[in-house]
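Heads up, the thing below is written out as structure tokens.
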Amino acid sequence: PPPANVGRAPGPPDGGWGWVVVFGAFVSIGFAYAFPKGIAIFFKEIQDFFGTSYSEIAWVSSIMLATTYGAGPISSILVNRYGSRPVVIFGGLLCGIGMVSAAFCTSILQLYICVGFITGFGLALNLQPSVIIIGKYFLKRRPIANGLAMAGSPVMLCTLAPLNQFLFDNFGWRGSFLILGAILLNCCVAGALFRPIGAATALVKTQVTEEGKDALKEEVTKDAMEMSSPTNVPIETKMEEEGGKDCCEKINQYLDFSLFKHRGFLIYLIGNVLMFLGFFAPIVFLAPYAKHIGIDEYSAAFLLSILAIVDMIARPTTGIIANSKWVRPRIQYFFSFAIAFNGACHLLCPLASGYTGLVVYSIFFGLAFGMVCAMLFETLMDLVGATRFTSAVGLVTIVECCTILLGPPIGGTLIDTFGDYKYMFIKCGAVMVLAGTFLFIMNYYNYRMLAKEEKERKAKEEDPKSVRTENEGGNNWNKETVQDRLELEPLREEQEGLKKEANGT
Amino acid sequence: SEAMTTTRTVNWKTQGSPSDHLTLGDNVSTPGPDLTTQEFKQATKENVSNLTFVEYEILLPGVSATSMEKNITLDSATRIELSCRLDNKYSHLKSLQVTWKRGNETIRHINKTENSWSIQLRILDNSKLGSYTCTLKGEEEISAMFHLQVPKIEGKEKPLVSYEGDSTIMICKSFGYTPITWTWYVTNGSEQIAINDSLLAEKYVINRVPANVTHLKILKLTKEDDGVYWCEAAFELGKSKGKLKLKVLSFMVPLKPFLAIVAEVVILVTIVFLYEMYSKKKEKRAGDEKEFDQVEQLKSEESNGLENSSARHRKI
């Protein structure tokens, strides 16, 4: 009889079509992050046209950013239900529609709706699925894939800024919005590249191939890492077998609120929420600060270009470093270090005198910024696993939304109150160093707890009786998982070596 | 850059002085002996109407090829003193003849101190503005120039782009000086025609408040509105213009790139999906072949296994 290896999907391909998906994610993520910053070029003209104050215009950008982050959970639910591809294509269409209708707006309120809400929502439907699908296509080379995809943001910003200026000079703001709507439709192309893979297309094949075995071992080690709470087992076909479920499980199927009991997730959430208070404000105020200390407008703008270029290079490089066998098992420490490094840069900024000092600051800031961004989603994936990442990213973004929006205004208030930029830099630096230290300590604790739980789990497996009683208890462990664990007994010996392989390479 | 120092001292009465000037008390001097009757009358008028007094000085570094220049902006009637000072290192130079000129007109009454020569002027209207030169003739000739001008109004280099049927707003600002009034002109061919906003109220709306900013709103744009516009600020001492350009496009203009990009998106998406269907078919064919081979292999394995077990049985 053919050996039973039923229902196990092959593991992430870690290459092949995956790199095409990375390119699609590059485009999608690039638009999502760069677009709100890029349209600032039109604000002066629109402000004059509608006769409003600058802060009323700046709301357009804020609403867009808030919607992009706040609609995260909706994005997650849709991806959980339909997969990444349809969501991104729909997001692209929404962005296009939003900007095209913005071209015909006759009041600032209509702009808030068209540019702020509709386009912002479309970008949200682009951002989350792009990040999610990388986790589905990559495991061993995931940090590199993440680093490359996140590099889309600075590249798009560098492209959009001069493009927007060109469009504005030739077509005015209305024509530019029309054409930008068409450009945003390219997100649909990126979405078309996101071929579905993994659990949704799990094929029940009776094949015993080498790939299948290796993937099996990797899934085992992944499960070992997710010891703290029962996983939402990947294969949806099993859920249909289950039949009647209770209400909680239904909600959890769409958005996994049980993540709030996940230790790693909570650590990540608290650390990141703290970090975002000081993350974006320095970028917003870098050019005004430069002008304040007497540097001319073009050199001040050039500082931001330096930042973007260094950022562009730093992201894939960080991805490669994070993928190396020394860093990958301890990636959370690397992330904490990057955040603290960022904070240290800001704390030292007030000491920078003159243009050269600011150039040095921009270079280091670009480096630190790129490092943090490249690993932003990679660390979350590392903590919760690819399957729960869909819900995790949605929950994280909506919570971060508040602090992201608060950061620059708090910085602005500090500058207005004290009349000096250095307090804003000190505040940002202090907050980030604090966040980095917090993450470092808590992740050290988390790693130790994970290692302890791993030992306990191994001890349990050696006793088949306890496994069966657990099954009867119906503790969310359905039949398949138990069968898997029984199957895996012969492979247990090889686990140690394989775990290192899966984590390190 | 040029080593020149200028001193600017302003004395005036407290009423109506801009905030960035010092109040040193009033220093209204009586008219001098060289004034005509008319100037005397004007001077008396000035004494009543708080005239400002400013001093400007150019320090001449010595003989140099470049001539020293200074731009002075005046928006209202002013008494001004212009002086040329020679650097101390040249004080040994004797027999220097100094002349002050405006164009071809020579100005008499030069006040001389140790090594500076100055003139005092009353700028009451446009006619007194211009370029004043001081020339020091010794062995070599050194000169410096003061340009007295009304404040400049900046227009926009890049044209404002708008669309047929839409409206647009053009803005002109005056920095630092408040004009008495603003006038807008539209260029028709080679003529400049003033825009009468009360006459054409459905087309043009002019906003002149606050005083140093003006807005021209043009409604229901057509192709004919395309062209050059001027905003003119009138000051006590003259007028100054700023140039703005308006481009009116039809909506077809951005529509073409828009449709081109949409077409590109549709084509790319179609290509991606077609390629996916094609590669899926290929995979399926390959998969079917593989399965067939594997079934064959399993069959042969089974038969081998049976043979082996029977062999073992026999052995035992």
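In the order they appear, the protein sequences are chains A and B.
Numbered by full-length UniProt numbering, the letters in the first sequence go through residues 1 to 505 in order.
Numbered by full-length UniProt numbering, the letters in the second sequence go through residues 1 to 316 in order.
Heads up, the beta-carbon is just placed ideally off N, CA and C, and yes, glycines get one too.
Please read these numbers as outputs of a predicted model, since none were measured by experiment.
Residue i in three-state terms, based on DSSP
i, result
"GLU241 of chain A", "Bear in mind that the predicted position of GLU241 of chain A carries a pLDDT of just 40, short of 50, making it unreliable; the figure below should be weighed with that in mind. In the structure shown, GLU241 of chain A sits in a helix (DSSP, three-state: H, G or I)."
"TYR421 of chain A", "coil"
"GLY16 of chain A", "coil"
"ALA340 of chain A", "helix"
"THR181 of chain B", "strand"
"ASN188 of chain B", "strand"
"PHE35 of chain A", "helix"
"CYS105 of chain A", "coil"
"SER300 of chain B", "helix"
"LYS245 of chain B", "strand"
"ARG328 of chain A", "helix"
"ALA201 of chain B", "coil"
"ARG315 of chain A", "helix"
"SER167 of chain B", "coil"
"LYS460 of chain A", "helix"
"HIS262 of chain A", "coil"
"ALA211 of chain B", "coil"
"THR221 of chain A", "The predicted model places THR221 of chain A with a pLDDT of 46, which falls under 50 and marks its position as unreliable, so this point remains unresolved."
"VAL360 of chain A", "helix"
"GLU378 of chain A", "helix"
"SER174 of chain B", "coil"
"PHE276 of chain A", "helix"
"THR222 of chain B", "coil"
Close Cβ partners of residue i (< 8 Å) along its chain, the five nearest in sequence each way excluded
i, result
"GLY130 of chain B", "ARG102, GLY103, HIS147, LEU148"
"PRO408 of chain A", "PHE280, ALA281, VAL284, PHE285"
"LEU193 of chain A", "VAL20, VAL21, PHE23, GLY24"
"VAL360 of chain A", "ALA352"
Top-ranked residue by Cα proximity to residue i, from the options
i, options, result
"MET442 of chain A", "A:LYS325, A:PHE285, A:LEU269, A:VAL189", "A:LEU269"
"PHE369 of chain A", "A:ASP311, A:THR318, A:PHE425, A:PRO408", "A:ASP311"
"THR73 of chain B", "B:GLU191, B:VAL150, B:SER279", "B:VAL150"
"GLY172 of chain A", "A:ILE46, A:LEU304, A:LEU380, A:ARG141", "A:ILE46"
"ALA386 of chain A", "A:LEU109, A:ASP463, A:PHE43, A:ASN146", "A:ASN146"
"ALA102 of chain A", "A:SER153, A:ILE179, A:ALA161", "A:ILE179"
"PRO154 of chain A", "A:VAL384, A:ALA374, A:LEU405, A:GLY436", "A:ALA374"
"TRP182 of chain B", "B:THR270, B:ASN188, B:ASN196", "B:ASN196"
"SER162 of chain B", "A:ASN170, A:MET156, A:GLN165, A:LEU163", "A:ASN170"
"PHE90 of chain A", "A:THR106, A:GLY120, A:PHE364", "A:GLY120"
"SER84 of chain A", "A:ILE363, A:LEU167, A:ALA25", "A:ALA25"
"THR135 of chain B", "B:GLN97, B:SER76, B:THR113", "B:GLN97"
"GLY165 of chain B", "B:GLU276, B:LYS203, B:THR133", "B:LYS203"
"LEU274 of chain A", "A:GLY429, A:SER353, A:PRO13, A:ILE113", "A:GLY429"
"GLY72 of chain A", "A:VAL399, A:GLY411, A:TYR355, A:MET449", "A:VAL399"
"LYS245 of chain B", "B:GLU289, B:ILE169, B:SER174", "B:ILE169"
Proximity test, Cβ basis, 8 Å: residue i and chain A
i, result
"PHE146 of chain B", "no"
"residue 333 of chain B", "An answer regarding residue 333 of chain B cannot be provided, because it is not within the stretch 1 to 316 covered by chain B."
"VAL228 of chain B", "no"
"SER29 of chain B", "Only weak support exists for where SER29 of chain B lies, its pLDDT of 44 falling under 50; the value from the coordinates is given anyway. Not closer than 8 Å to any Cβ of chain A, the Cβ of SER29 of chain B fails to qualify, so no."
"VAL209 of chain B", "no"
"ILE218 of chain B", "no"
"VAL253 of chain B", "yes"
"LYS158 of chain B", "yes"
"ILE171 of chain B", "yes"
Own chain partners of residue i with C-beta closer than 7 Å, once the 5 adjacent residues on each side are dropped
i, result
"LEU414 of chain A", "TYR423, MET424, LYS427"
"residue 568 of chain A", "Nothing can be reported for residue 568 of chain A, as the shown portion of chain A is limited to 1 through 505."
Residue-level contact to chain B via CB, residue i, 8 Å cutoff
i, result
"ALA300 of chain A", "no"
"ARG174 of chain A", "yes"
"PHE49 of chain A", "yes"
"CYS105 of chain A", "no"
"TRP19 of chain A", "no"
"PRO12 of chain A", "no"
"ALA287 of chain A", "no"
"ILE183 of chain A", "yes"
Proximity test, residue i beta-carbon vs the ligand ZN heavy atom, cut-off 7 Å
i, result
"ILE293 of chain A", "The ligand ZN is not part of this structure, which contains no ligands at all."
Partner residues on chain E for residue i, Cβ-Cβ distance less than 8 Å
i, result
"ASN164 of chain A", "Considering every chain present, this structure includes no chain E. Its protein chains are A and B."
Close beta carbons around residue i, own chain, < 6 Å, minus the five adjacent residues each side
i, result
"VAL115 of chain A", "VAL60, ALA102"
"GLY135 of chain A", "MET381, ALA386, PHE389"
"LYS284 of chain B", "none"
TODO: Compile a chain-ordered list of the residues in the region 255 to 279 of chain B whose CB is closer than 7 Å to at least one CB of chain A.
DONE: Within the region 255 to 279 of chain B, the residues whose Cβ lies closer than 7 Å to some Cβ of chain A are PRO257, PHE258, ILE261, VAL262, VAL265, LEU268, VAL269, VAL272, PHE273, GLU276, listed in chain order.
Open item on the list: Against chain A, which members of the region 186 to 205 of chain B pass a CB distance test of less than 7 Å?
Closed with: Those would be none; no residue qualifies.
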